[in-house]
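Note sheet for the following structure.
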Amino acid sequence: DSGVTQTPKHLITATGQRVTLRCSPRSGDLSVYWYQQSLDQGLQFLIQYYNGEERAKGNILERFSAQQFPDLHSELNLSSLELGDSALYFCASSVGSGSNYEQYFGPGTRLTVT
Amino acid sequence: GQNIDQPTEMTATEGAIVQINCTYQTSGFNGLFWYQQHAGEAPTFLSYNVLDGLEEKGRFSSFLSRSKGYSYLLLKELQMKDSASYLCAVREPSGTYKYIFGTGTRLKVLA
């Protein structure tokens, strides 16, 4: 158990819908990262927040948005869902924002878009 | 462009040593990471290299050559539980500071 929690564990929804994935980092960690992992694309970095501020940005689609709240939990919002958005979404956390800080991954949310 | 290459699959025998290579071409460099991921589970951090050379951590070691855009992960005394995917990732230093992952190497350890 990494100490990072993600809810829900599974989510099934239809195309065109909007969903919110939630992540609670390990106690004391200020950075939160979001990743998408699909069978054909591997692990893709989406975005990083550090203490409420956006710190790094990957290939996150405009239909996706994220934020980190004052209590440090984070939410990833996915809208206008398409079949290709079906994937495993991981959240990770670390103490700091730099590369030298180890990231701890949550168990993931499996999103299925039908 | 940005690219990270790893072999897709490798097979090795229990007790042996295996080396998983990773080559990268990125806009810059701010560290290279190795992660282990068992099927259906989350990745777990194995190592971080930012300077050239070898970092050793128990049965696992990671090597980096920045001039060659090359790294390897060395696993010694292989155990059945080492059967997993191994992901190589690089962080870019400026602009977006994003992480770029390879597609991973699936390692099968045979008895």
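First to last, the sequence lines map onto chains D and L.
Numbered per my numbering, the first sequence spans residues 1 to 114.
Numbered per my numbering, the second sequence spans residues 1001 to 1111.
The beta carbon of each residue, even a glycine, is placed where N, CA and C say it ideally should be.
Minimum Cβ-Cβ distance from residue i to chain B less than 8 angstroms
i                     : result
residue 14 of chain D : Here the protein chains are D and L, and chain B is not one of them.
Presumed contact (8 angstroms Cβ cut-off) between residue i and residue j, rounded CB distance
i                       : j                       : result
residue 1092 of chain L : residue 1047 of chain L : With a Cβ gap of about 19 angstroms, residue 1092 of chain L and residue 1047 of chain L do not count as contacting.
residue 17 of chain D   : residue 107 of chain D  : Wrong, their Cβ atoms sit about 23 angstroms apart, outside the cutoff.
Residue i to residue j span [Cα, whole Å]
i                       : j                       : result
residue 1018 of chain L : residue 1037 of chain L : 17 angstroms
residue 1025 of chain L : residue 1097 of chain L : 15 angstroms
residue 1011 of chain L : residue 33 of chain D   : 32 angstroms
residue 63 of chain D   : residue 80 of chain D   : 7 angstroms
CB contact below 8 angstroms: residue i versus chain L
i                      : result
residue 57 of chain D  : yes
residue 107 of chain D : yes
residue 100 of chain D : yes
residue 64 of chain D  : no
residue 76 of chain D  : no
residue 43 of chain D  : yes
residue 67 of chain D  : no
residue 2 of chain D   : yes
Bridge-paired residues (DSSP) for residue i
i                       : result
residue 1011 of chain L : L/1108
residue 1089 of chain L : L/1033, L/1101
residue 113 of chain D  : D/13
residue 1039 of chain L : Residue 1039 of chain L is not bridged to any residue.
residue 1005 of chain L : L/1023
residue 1018 of chain L : L/1075
8 angstroms Cβ cutoff, residue i in contact with chain D
i                       : result
residue 1086 of chain L : no
residue 1044 of chain L : yes
residue 1053 of chain L : no
residue 1091 of chain L : yes
Notebook entry, point to check: Given 8 angstroms as the limit, is there contact between the stretch 37-46 of chain D and the stretch 1100-1108 of chain L, that is, 3 or more CB pairs closer than that?
Noted result: yes
Under 8 angstroms, with one C-beta from each stretch per pair, do the stretch 68-87 of chain D and the stretch 100-114 of chain D reach the 3-pair mark? Yes, they touch.
**Prompt:** Counting pairs of Cβ atoms below 8 angstroms between the stretch 1002-1018 of chain L and the stretch 1077-1091 of chain L, do you hit three or more?
**Reply:** yes
**Prompt:** Should the stretch 95-104 of chain D be regarded as contacting the stretch 1061-1070 of chain L, the criterion being three or more beta carbon pairs within less than 8 angstroms?
**Reply:** no
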